[in-house]
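Here's the structure, in structure tokens; my notes come after.
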Amino acid sequence: MAAPAAARAAAGDPAAAGRRGRGGAGLVIERILPAEAVAEESLGSPPPAAGDFLHPEEAAVVARAVPKRKEEFAAVRACARAALGRLGFPPVPLVPNRRGAPQWPSGVVGSMTHCDGYRAAVVARSGALASVGIDAEPNGPLPDGVLDVVSLPGERARIRSLTALRPGVHWDRLLFSAKESVFKTWYPLTGQELDFEEAELDFEEAEPDAGPGAGTFSARLLVPGPVVGGVRLGGFTGRWAVGSGFVLTAIALPAAVPAPVTVPDPRGEPPAPVSGSAASPA
1 MAAPAAARAA AGDPAAAGRR GRGGAGLVIE RILPAEAVAE ESLGSPPPAA
51 GDFLHPEEAA VVARAVPKRK EEFAAVRACA RAALGRLGFP PVPLVPNRRG
101 APQWPSGVVG SMTHCDGYRA AVVARSGALA SVGIDAEPNG PLPDGVLDVV
151 SLPGERARIR SLTALRPGVH WDRLLFSAKE SVFKTWYPLT GQELDFEEAE
201 LDFEEAEPDA GPGAGTFSAR LLVPGPVVGG VRLGGFTGRW AVGSGFVLTA
251 IALPAAVPAP VTVPDPRGEP PAPVSGSAAS PA
């Protein structure tokens with residue numbers, strides 16, 4: 001989210017070759033994506049020469065960056081170009097805008113994420129999805145002090161309860177990741193920043209058919225939401241999963257928003273319409 005850069009840095013927000021695509025063998029990210037989305041991910045360290053495979057426009061962006069940053073930047077774009085190729089798009093440059101968000105080809109929505117040891121990209125045709133946001137984080141606790149910066153009091157109370165019930169999931173890290181996915185979904189629709197405290201999140205119990213490390217979440221916007229398909233959204237819903245040592249979250253907002261679904265506000269206020277479910281996991 002737009003929030004203190006220090007919070008992201010403290011949370012370990014850094015950031016490539018590995019397993020491939022929707023036709024490949026069990027991608028972690030595909031557990032939380034709808035069929036309309038095409039995903040590529042890779043695990044492990046990026047190849048040392050990853051930075052050599054950038055378009056000139058991209059190379060200029062990281063010309064002064066340290067080698068690790070260049071490798072991460074290139075590796076996640078390799079995932080994105082592979083995913084775009086499966087949609088029938090050429091390997092175009094993916095240059096970040098002023099906010100750092102990738103600029104996708106016309107007719108495409110997408111999202112990238114990377115952390116140490118993992119990177120992924122998801123794309124879809126804009127006729128199928130209005131926006132998509134994904135995030136990956138190491139499945140470990142947030143550093144001391146970060147949770148207070150990125151969460152609301154009610155969220156912290158729910159994190160404590162969930163941690164007591166299911167200590168195998170680092171719920172504070174999951175909250176951070178889900179808020180990142182909220183921002184990545186929000187920003188292409190609005191072109192505006194969204195602070196951590198401007199969306200309140202809640203998590204659902206893991207779905208019985210999704211395994212012990214998966215579930216859903218809802219995000220209630222505390223500021224006016226974007227209008228999609230003639231509907232002003234009050235929030236988003238998404239999915240989360242834990243696997244291969246990482247916490248993953250995703251929101252996929254349909255281009256044709258269905259009739260608004262309302263969810264209770266944990267603070268007891270009237271419910272607001274939310275949309276953007278990641279649909280059934282692949």
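Residues 1 to 282 in full-length UniProt numbering are what the sequence shown spells out, letter by letter.
Each residue gets a CB set at the ideal place from its N, CA and C atoms; glycine is no exception.
Note that the structure is a prediction, hence the values are computed from the model and not measured.
**Prompt:** If we ignore side chains and look at the alpha-carbon of each, how far apart do Ser161 and Lys184 end up?
**Reply:** Between Ser161 and Lys184, the C-alpha separation is close to 27 Å.
**Message:** What would DSSP say about Trp186, mapped onto helix, strand or coil?
**Reply:** helix
**Item:** Spatial neighbours of Gly21 in its chain, beta-carbon cut-off 8 Å, leaving aside the 5 residues before and after
**Value:** Because Gly21 carries a pLDDT of 40, less than 50, the predicted location of this residue cannot be relied on, and the following value inherits that uncertainty. So the qualifying residues of the chain are Leu27, Val38, Ala39, Glu40, Ala82, Ala83 and Arg86.
**Message:** Quick check on Asn97: buried or exposed, where buried means 16 or more other Cβ atoms within 10 Å of its Cβ?
**Reply:** With fewer than 16 other Cβ atoms within 10 Å, it is exposed.
**Request:** Quick one: grab the DSSP three-state call for Pro90.
**Result:** coil
**Message:** Between which two residues does the beta strand (DSSP E) holding Glu204 run?
**Reply:** Taken as a continuous stretch (DSSP letters only), Glu204 belongs to no beta strand (DSSP E), as it is neither H nor E.
**Request:** Going by DSSP, name the residue or residues bridged to Glu40.
**Result:** Ala121
**Item:** Ser181 - DSSP class collapsed to helix/strand/coil
**Value:** helix
**Item:** From Leu54, Trp240 and Arg64, residue whose alpha carbon lies closest to that of Glu180
**Value:** Trp240
**Request:** Let me know if Glu30 comes out buried or exposed under the rule of 16 or more other beta-carbons within 10 Å of its beta-carbon.
**Result:** buried
**Request:** Answer with buried or exposed for Glu198, where buried requires no fewer than 16 other C-beta atoms within 10 angstroms of its C-beta.
**Result:** buried
**Environment of Gly238 [buried if 16+ CB atoms lie within 10 Å]** = That one is buried.
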